[in-house]
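Quick note on numbering: the sequence shown equals residues 1 to 277 in the working numbering. Think of the CB as a built atom: it goes at the ideal place given N, C-alpha and C, for glycine as much as any other residue.
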Amino acid sequence: MNSNTFSIRRIAMLAGFYWPVIRIQLVIAAVVVAACYLISIFSVSMVYANGDDPGLYMALYSMFISGGNLVYYSGPLIFAWCAQRAIATTLPASWTEKTTFMLGYVFILFPAILAIVWYGLTGIFSFFTPYAAPVQAMMGVLAEQAGDQMGIIDKLMNTTRPSNLASSAMIASLACFAVASVRRNRLAMGVLAIFGGMALNWLAGVFIGVMAFLHSDSLMGVIENPGAAASEQLGDQIASEMITTMSDMMPVYGIICAIIAVTMAALTAYRIKTRQN
Numbered sequence: 001m002n003s004n005t006f007s008i009r010r011i012a013m014l015a016g017f018y019w020p021v022i023r024i025q026l027v028i029a030a031v032v033v034a035a036c037y038l039i040s041i042f043s044v045s046m047v048y049a050n051g052d053d054p055g056l057y058m059a060l061y062s063m064f065i066s067g068g069n070l071v072y073y074s075g076p077l078i079f080a081w082c083a084q085r086a087i088a089t090t091l092p093a094s095w096t097e098k099t100t101f102m103l104g105y106v107f108i109l110f111p112a113i114l115a116i117v118w119y120g121l122t123g124i125f126s127f128f129t130p131y132a133a134p135v136q137a138m139m140g141v142l143a144e145q146a147g148d149q150m151g152i153i154d155k156l157m158n159t160t161r162p163s164n165l166a167s168s169a170m171i172a173s174l175a176c177f178a179v180a181s182v183r184r185n186r187l188a189m190g191v192l193a194i195f196g197g198m199a200l201n202w203l204a205g206v207f208i209g210v211m212a213f214l215h216s217d218s219l220m221g222v223i224e225n226p227g228a229a230a231s232e233q234l235g236d237q238i239a240s241e242m243i244t245t246m247s248d249m250m251p252v253y254g255i256i257c258a259i260i261a262v263t264m265a266a267l268t269a270y271r272i273k274t275r276q277n
């Protein structure tokens, strides 16, 4: 495709070509996100009902509240639908149109649909349960348990949200690059890129936790003088110092993830361009 004219019609034709697999993906994604939402509000309700021993239900909540991220990561995999990259290469559209469609679907359309499902269910269930917004409901639980520490925890949550968005975009961009780059086993390489990005997130979390540990002067004091008397006030001080360090580091990590995401998206566009030419 050598035309230099950007055409919405050709982008629509690309959407039509991928529509069979997009339709399947959207249906599965909507069902999974809905299931994650329902299990999340059930878990929060059980946390409130079992205030003395909420551990199991808090773990269940943590597992399924993040399920939407796993669904989102699958967005780029539809572009591995054609087993042979040559088929995607010869589609009648320019590289700019293919790039716009791919990145637009992965970073705008697909997450928007997932958000519609989640917040649509939130609106419906708000008529039936006080736990319809599970994240806010769980924050209420944390507020009851944290007491004076809630302000610091709230700061950590606020700094974590944009970092989580950036890290999710980073993982999706890695999958886009993998699918656009390899010649064979594109689906397998896309999945591998997703798990690689998740591993990077995990390692970053470990690093931030270790740094928070090392930067807690009160904790270091306890380690150096283990015979010192322990107290609830000391425990609160250690938690406060660690959470503060994590809050300070999360924006930096978010910026790094955003830079990686933008870089990988640009490299994806370059790969599509070079294979087109």
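Within the same chain, show all residues whose beta-carbon is closer than 6 angstroms to that of T245, passing over the 5 residues directly before and after it, in chain order. The sequence position of residue 245 within the sequence shown is 245, counting from 1. A212, H215.
6 angstroms Cβ shell around I10 - same chain, five flanking residues per side excluded: For the purposes of this step, residue 10 is taken as the residue at position 10 of the sequence shown. The sequence shown places Arg at residue 10, rather than the Ile named in the question. Here the set comprises A93, E97.
According to DSSP, is F280 helix, strand or coil? With the chain running from 1 to 277 in the structure shown, residue 280 is simply not present.
Ordered along the chain, which non-local residues of its own chain (more than five positions away) have a Cβ less than 8 angstroms from that of Y270? On the sequence shown, residue 270 is found 270 positions in, with the first residue counted as 1. Excluding residues within five positions, none has a Cβ falling inside 8 angstroms.
Simplified DSSP state of W81, which is helix, strand or coil: Position 81 of the sequence shown holds residue 81. In the structure shown, W81 sits in coil (DSSP, three-state: anything other than H, G, I, E or B).
Can you look up L173 in the DSSP assignment and give me helix, strand or coil? Position 173 of the sequence shown, counted from the start, is the residue given in the question as residue 173. According to the sequence provided, residue 173 is Ser. The question's Leu does not apply to it. Of the three classes helix, strand and coil, the one that applies to S173 here is helix, per DSSP.
If S168 sits next to Y72, beta carbons under 8 angstroms apart, how far is it from one beta carbon to the other, in whole angstroms? On the sequence shown, position 168 is the one that residue 168 refers to. On the sequence shown, position 72 is the one that residue 72 refers to. Contact between S168 and Y72 is confirmed by a C-beta separation of about 6 angstroms, below the 8 angstroms threshold.
One question on the structure: do V106 and P76 come within less than 8 angstroms of each other, judged by their Cβ atoms? If you number the sequence shown from 1, residue 106 lands on position 106. If you number the sequence shown from 1, residue 76 lands on position 76. Their beta carbons are under 8 angstroms apart, which means V106 touches P76 by this criterion.
Do you know how far the Cα of T268 is from the Cα of L34? In the sequence shown, counting from the first residue as 1, residue 34 sits at position 34. In the sequence shown, counting from the first residue as 1, residue 268 sits at position 268. Going by the sequence as given, residue 34 is Ala instead of Leu. If you take the alpha carbons of A34 and T268, they lie about 31 angstroms apart.
Three-state secondary structure assigned by DSSP to P20: What you label residue 20 is simply residue 20 of the sequence shown in a count that begins at 1. DSSP places P20 in helix when its eight states are reduced to three.
With a threshold of 6 angstroms on Cβ separation, who are the neighbours of F39 within its own chain once the five nearest residues in sequence on each side are excluded? Here the question's residue 39 lines up with position 39 in the sequence shown. The displayed chain sequence assigns Ile, not Phe, to residue 39. Same-chain partners within the cutoff: F64.
Could you give the C-beta distance for A132 and I41, rounded to a whole number, given that I count them as a contact under 8 angstroms? Position 132 of the sequence shown, counted from the start, is the residue given in the question as residue 132. Position 41 of the sequence shown, counted from the start, is the residue given in the question as residue 41. Contact holds; Cβ gap of about 7 angstroms.
Host alpha helix (DSSP H) of T99 (start-end): Looking up residue 99 in the sequence shown gives position 99. For T99, the enclosing alpha helix (DSSP H) has its first and last residue at 95-104.
Here's a check: name, in chain order, each residue in its chain whose Cβ is nearer than 8 angstroms to the Cβ of A229, leaving out the five neighbours to either side. Sequence index remark: in the sequence shown, residue 229 carries index 229 (1-based). Unreliable placement is indicated for A229, whose pLDDT of 49 sits below 50; the coordinate value is still reported in the next sentence. Same-chain partners within the cutoff: there are none.
Return the chain-ordered list of same chain residues with a C-beta closer than 7 angstroms to the C-beta of K273, the five sequence neighbours on each side being excluded. One-based indexing of the sequence shown puts residue 273 at position 273. The residues are W95.
Thinking C-beta only, is F127 closer than 8 angstroms to M102? As a first step, residue 102 must be located in the sequence shown, where it is residue number 102. As a first step, residue 127 must be located in the sequence shown, where it is residue number 127. For M102 and F127, no; Cβs fall outside 8 angstroms.
What did DSSP end up calling F125 once you bin it into helix, strand or coil? For the purposes of this step, residue 125 is taken as the residue at position 125 of the sequence shown. Helix, per DSSP.
Let's see if you can read the secondary structure: which residues bound the alpha helix (DSSP H) around I194? The count along the sequence shown starts at 1 and reaches residue 194 at position 194. 186-214 is the span of the alpha helix (DSSP H), which, as asked, contains I194.
Does R186 pass the burial test, meaning 16 or more other C-beta atoms within 10 Å, or should it be called exposed? Your numbering for residue 186 matches position 186 in the sequence shown. With 16 or more Cβ atoms within 10 Å of its Cβ, R186 is classed as buried.
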